[in-house]
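There are 2 protein chains.
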Amino acid sequence: MLQLAEQLLNGEKRALSRAISLLERGDAQAPALMGRIHPHVGGAYTVGVTGPPGAGKSTLIARLAESFRGAGSSVGILAVDPSSPYSGGALLGDRIRMELHYLDPNVFIRSMATRGSHGGLPRVIKGAVRLLDAAGKDVILVETVGVGQTELDIMGVADTVAVVLVPEAGDAIQTLKAGLMEIADVYVVNKADRPGSQRMAANITASLSMSGANLPWTPPVLPTRAVTGEGCDALFQQILGHRDFLTQSSRLEERRARRRSQELLEILQEELGRRLKERVNDSPRLAQLMARVRDSDLDPYSAALEMLEDASLPLAALEPIP
Amino acid sequence: MLQLAEQLLNGEKRALSRAISLLERGDAQAPALMGRIHPHVGGAYTVGVTGPPGAGKSTLIARLAESFRGAGSSVGILAVDPSSPYSGGALLGDRIRMELHYLDPNVFIRSMATRGSHGGLPRVIKGAVRLLDAAGKDVILVETVGVGQTELDIMGVADTVAVVLVPEAGDAIQTLKAGLMEIADVYVVNKADRPGSQRMAANITASLSMSGANLPWTPPVLPTRAVTGEGCDALFQQILGHRDFLTQSSRLEERRARRRSQELLEILQEELGRRLKERVNDSPRLAQLMARVRDSDLDPYSAALEMLEDASLPLAALEPIP
Chain V
744 MLQLAEQLLN GEKRALSRAI SLLERGDAQA PALMGRIHPH VGGAYTVGVT
794 GPPGAGKSTL IARLAESFRG AGSSVGILAV DPSSPYSGGA LLGDRIRMEL
844 HYLDPNVFIR SMATRGSHGG LPRVIKGAVR LLDAAGKDVI LVETVGVGQT
894 ELDIMGVADT VAVVLVPEAG DAIQTLKAGL MEIADVYVVN KADRPGSQRM
944 AANITASLSM SGANLPWTPP VLPTRAVTGE GCDALFQQIL GHRDFLTQSS
994 RLEERRARRR SQELLEILQE ELGRRLKERV NDSPRLAQLM ARVRDSDLDP
1044 YSAALEMLED ASLPLAALEP IP
Chain W
744 MLQLAEQLLN GEKRALSRAI SLLERGDAQA PALMGRIHPH VGGAYTVGVT
794 GPPGAGKSTL IARLAESFRG AGSSVGILAV DPSSPYSGGA LLGDRIRMEL
844 HYLDPNVFIR SMATRGSHGG LPRVIKGAVR LLDAAGKDVI LVETVGVGQT
894 ELDIMGVADT VAVVLVPEAG DAIQTLKAGL MEIADVYVVN KADRPGSQRM
944 AANITASLSM SGANLPWTPP VLPTRAVTGE GCDALFQQIL GHRDFLTQSS
994 RLEERRARRR SQELLEILQE ELGRRLKERV NDSPRLAQLM ARVRDSDLDP
1044 YSAALEMLED ASLPLAALEP IP
C-alpha cells in the first residue's frame, strides 16, 4: 500500500487507477493511503461541469481539457455516471475518451458510477479528486449529470462550477430558478445555434440581476457550440477568471475549509451507518424491533426512538446532549 | 398533537397540511404523530412519476388524478421539487394545480422541496406518503424530477413507478441504460407526436427484451400526449394492471416490507448524524480534530478513524463488531 502511494505520488497512471479502485470498493487500507498522500494535496484546481443529459457536457469537457493542456496544465477528468443499483454503468468517461482524438499521457480519464451510494454525488468522488491532486494533476474536471440533488453536491467538490443548459430543455428556466441559481459560477448555453438560445441566455441574465444585485462575483452567461468549439475559449477564460477571483481573496481557502469539514462529517456518518447495520443484525433486541417494523407491527419512527433511547442497546451511546 | 392526529384521520385537509409541515421541520412531536397514525396506514396505493424536466410529468399527473377520481378514488399528490439549499422553491405543485382546472376537495396537492436533504429523495417524503395514506387517500401520486440518483429513490416510495421520457431528450437512451432500466414498471414516451418518438419507444422495447427475458412483469412502453390526453387512459389501465400483478402475488407486501426496513435504517442514520454534529461541537477533543481537518493539517479519513477508535470519545461506543 505504501508502495502504491509512492507510485501514485510519482504520477504513475496505473497506481492512480488502482488507488481509485481501492477507494471505490471501500478497502480497509483506504484511510492509510489517504493519510499518506495528504501532505501532497492542494495543488490542483477543480472545475465541476454539470447539467441535464444531452446538454453536451462531455464535448465541453473535452474542449476544456484541450484548453488546459494547451496552457501547459496536466488534466484529470472524473465522469460521474448516474447508474442503477443493479446494472451499474460507465458511459460518460467513454464518451469523453471518444471526443479526445489524441492519446495524451497527461490526461487521465476515469468514470465513476454512483450506484449503491445514497448521498447524491458519492463521497468517494471527493477522495478520487484528492488522489488526482496528489498524483500531480494541475486541473481536475468533474462531470456530473442530473437536475435534482446532484448539482448541489458538485459544490462539495469543485472550486468553480459551470452549469450547462441547452435551449431545448423545456422548462429549464424553472429548474434553474428552483435549483441551480446559487450553484453556478459560470453559465453555459450550449448548442447556441438552436432557436431559443438567445432568449434563454437573456432569461438567465435577468434572473441573475434580480436575485444577486450585490454579489461579489456575477456569473457570466456564455453561449457555446461545443461541437465546433465556438465560445469554448471564452468559457476557458471565464473559468480562469473565476479562479483568479477566488485566489485573490481568501474565498478559495474558505470554500475548501468548509468542504473538508463537511467531508469529515460525511465519512463519520457513513461509517456510523455501516456499523449501525451490523449492530441491527447482531443485537437480538434490535433485530426484533426491525422485524416489527418490517411486518408493519410498529412504525419506523417509534422503533428508531426506542432503539436510540434504550440504554442497554449499543445505539444509545450517542444520546443527545442534554 | 393527538388532536391533530384525530383531525388528520378524519380526513381534514388543514390537519394534513399541518402534519406534513410538522414532519418537514423535524418537529420533536413527529415520532408520536407517526406512531398514532400507524395503525391506519397501508390502504393507499402509491404511484411514482419520474423523468427529466420538461417531459410533461405535471400534465400527466393531472391526467392520472382525473382518471383515478373518475374511478371513485380519492387522490393525494406530492410534487418533489429540486431546490437550492439557499432559495428553496415550490413549483411543480403549482403547475399541477394549474392543470387541474376544477377545485376538487378529494384531490390534495402538496409541493415538497428537497433542500437541506442529503439523501436524494428526502426521507420526509416517505413520512408524508404515510400521512396521506392515514388521511384516507386511496391513491398517492408522487412526482420527482431528475436523471441521476433521484430516480433510484422513487423506488423507496412507490408501489408502481412510471418513467416519463420525451423524444428530444438527446441521449436519453444512454441515460435509460445507465440508470432507469430496473426502476420503471411502466415507460411513458410523452409528446409522442414529435419526431423520433416511435424510434425511442422501439429502442426502449428492444433494450427491455435484451435485458429482461425472464422477468415476471414486462414494463409496457406507452406513447402519450398528456396535453391532449391521448394515450393517458392506456397509461391509467397499465398502472392498474401493474397494481393487480403486485397484489395477486406476495410481491406488493415484500416490496413494502423492504421499504419499511430501509426507512428505519435511514431514520436511525439521520438521527445519529444529527447527534454526531452536536457531539463534534461539544467535545473539545473532537472539535480539535475537526479544526485540524478544516485547516488541512490532517486528512478527513485519518481524523474519522481517530474519532471512532478513541474509546474515551463518545463516538467509539459504536465500535465495529469484532
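First to last, the protein sequences are chains V and W. The letter at position 258 of the first sequence is residue 1001 when you use this note's numbering, and the numbering goes up by one with no holes. The letter at position 108 of the second sequence is residue 851 when you use this note's numbering, and the numbering goes up by one with no holes. From the three backbone atoms N, C-alpha and C, an ideal C-beta is built for every residue, glycine too.
Residue burial annotation: W:Arg1001 is exposed, with fewer than 16 other C-beta atoms found within 10 angstroms of its C-beta. The C-beta of V:Tyr1044 comes closer than 8 angstroms to at least one C-beta of chain W. When W:Glu973, W:Arg1003, W:Pro962 are compared, the shortest CA-CA separation from W:Lys934 is found for W:Glu973. Around V:Met777, the beta-carbon contacts reaching into chain W at under 9 angstroms are Asp1042, Pro1043, Tyr1044, Ser1045. Nearest to W:Met855 by alpha-carbon distance, out of W:Leu765, W:Ala969, W:Asp1040, is W:Leu765. By the neighbour-count definition (other C-beta atoms within 10 Å, threshold 16), V:Gln941 is an exposed residue. Assignment of V:Ala1034 by DSSP, reduced to helix, strand and coil, places it in the helix class. Listed in chain order, the non-local C-beta contacts of V:Ile868 below 8 angstroms within the same chain comprise Leu821, Val823, Met855, Val885, Val900, local neighbours out to five positions each way being set aside. Taking a C-beta distance under 8 angstroms as the contact criterion, W:Ala775 and W:Leu874 do not qualify as a contact pair. Under the 10 Å beta carbon count, W:Thr967 is surrounded by 16 or more other beta carbons and is classified as buried. Bridge pairing for W:Phe979: absent [DSSP]. V:Val904 and V:Ala787 have their alpha carbons spaced roughly 15 angstroms apart. V:Met777: not part of any beta strand (DSSP E); member of the alpha helix (DSSP H) spanning 773-780, first to last residue. Taking a Cβ-Cβ cut-off of 9 angstroms, the neighbours of W:Leu1019 in chain V comprise Leu1008, Leu1011, Gln1012, Leu1015, Leu1061, given in sequence order. In terms of Cβ geometry, V:Asp896 and V:His985 do not form a close pair [threshold 8 angstroms]. For V:Thr802, the enclosing alpha helix (DSSP H) begins and ends at 800-813.
W:Val909 and W:Tyr930 do not touch by the CB rule: their CB atoms are close to 12 angstroms apart, not below 8 angstroms. Annotated as proximal: W:Val882 and W:Ser816, with beta-carbon spacing under 8 angstroms.
A direct Cα-to-Cα measurement between V:Gly785 and V:Ala878 gives close to 11 angstroms. Residues of the stretch 973-1002 of chain W with a C-beta atom less than 7 angstroms from some C-beta of chain V are Ala1000, listed in chain order. By the beta-carbon neighbour count (other beta carbons within 10 angstroms, threshold 16), W:Lys756 is exposed.
Across the stretch 755-789 of chain V, CB contacts with chain W closer than 7 angstroms involve Ala773, Pro774, Met777, Gly778, His781, Gly785, in sequence order along the chain.
For the pair W:Val1023 and V:Leu1051, the Cα-to-Cα distance works out to about 18 angstroms. Per DSSP, reduced to three states, the secondary structure at W:Thr971 is coil, with no helix or strand assignment.
One alpha carbon belongs to W:Ile780, the other to W:Asp902, and they sit about 20 angstroms apart.
Residue range 850-856 is occupied by the beta strand (DSSP E) that includes W:Ser854.
Taking a Cβ-Cβ threshold of 7 angstroms, the residues of chain W close to V:Met1033 are Ser1004, Leu1007, in chain order. If you compare the alpha carbons of W:Leu803, W:Val850, W:Arg994 with that of W:Gly754, the shortest gap goes to W:Val850. Annotation: Cβ neighbours of V:Ser1039 in chain W (cutoff 7 angstroms, chain order): Gly785, Arg1003.
For V:Leu965, the enclosing beta strand (DSSP E) starts and ends at 964-966. When beta bridges are read from the DSSP output, V:Tyr788 appears opposite V:Val882.
Within the DSSP secondary-structure output, V:Ile820 pairs in a beta bridge with V:Ile852, V:Leu884. If you look at W:Val907, you'll find it in the beta strand (DSSP E) that goes 903-908. Sequence-distant partners of W:Leu995 (beyond 5 residues in either direction) whose C-beta falls short of 7 angstroms from its own C-beta, in its chain, are Asp902, Leu989. Using a Cβ-Cβ cut-off of 7 angstroms, V:Val1036 is close to Arg1003, Ser1004, Leu1007 of chain W, given in chain order. Boundaries of the alpha helix (DSSP H) around W:Val867: 866-877.
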